Every structure is written in structure tokens, then in C-alpha cells.
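First the structure, in the form of C-alpha cells, and then the observations on it.
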Amino acid sequence: MRECRGRLEKYLKDLLEPLGRAGRRRRANLYVRGLLLDGEREFIEAMADRMPEGNLQALQ
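Sequential numbering of the sequence shown, starting at 3, is according to the working numbering.
Below, the structure is given as C-alpha cells:
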């Protein structure tokens, strides 16, 4: 699992670099990771609840 997380982090770093500001990249990273978690993906509130470092406002 750690290997997958490391590969995902590298991929997202390269993918999200064009977004510019660090805050935008961080929120996009959290959003993508939330989409990959088990459970409800239709509502951002459900994703934020499942992520310890994610909060609703940070994902919007």
C-alpha cells in the first residue's frame, strides 16, 4: 500500500504542477485521494468525512 501511495503522490505532483499555487495543488491532491477511497463519492462532504486531513472547506 505504501508503494502505491508513493507512486500516486509522484503522479499527482507531476499532474498538478500546472495548477500553480500550493493551496490549489494541495486541495486537488486531497480531492483525487478522496475519489479513490471506499465509500460515497458523489458528495464531497462524504469524502471529507473519511479523510483525516481533509475538511469540507478545503475540498471545495
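All C-beta atoms in this analysis are idealised placements derived from N, C-alpha and C, irrespective of residue type, glycine included.
The model shown is predicted, which means the values in this text are computed figures rather than measured ones.
task = List the endpoints of the continuous alpha helix (DSSP H) containing D51.
result = Per DSSP, the continuous alpha helix (DSSP H) segment holding D51 begins and ends at I46 to R52.
ask   = For A50, does the count of other Cβ atoms within 10 angstroms reach 16, so buried, or fall short, so exposed?
value = Per the 10 Å Cβ criterion, buried.
ask   = CA-CA distance, E11 and F45?
value = Approximately 23 Å, taken between the alpha carbons.
request  = Tell me whether the beta-carbon of L14 lies closer than 7 Å to the beta-carbon of N31.
outcome  = Between L14 and N31, the C-beta spacing is below 7 Å.
query = Between the beta-carbon of L39 and the beta-carbon of R52, is there less than 7 Å?
reply = Yes, the Cβ-Cβ distance between L39 and R52 is below 7 Å.
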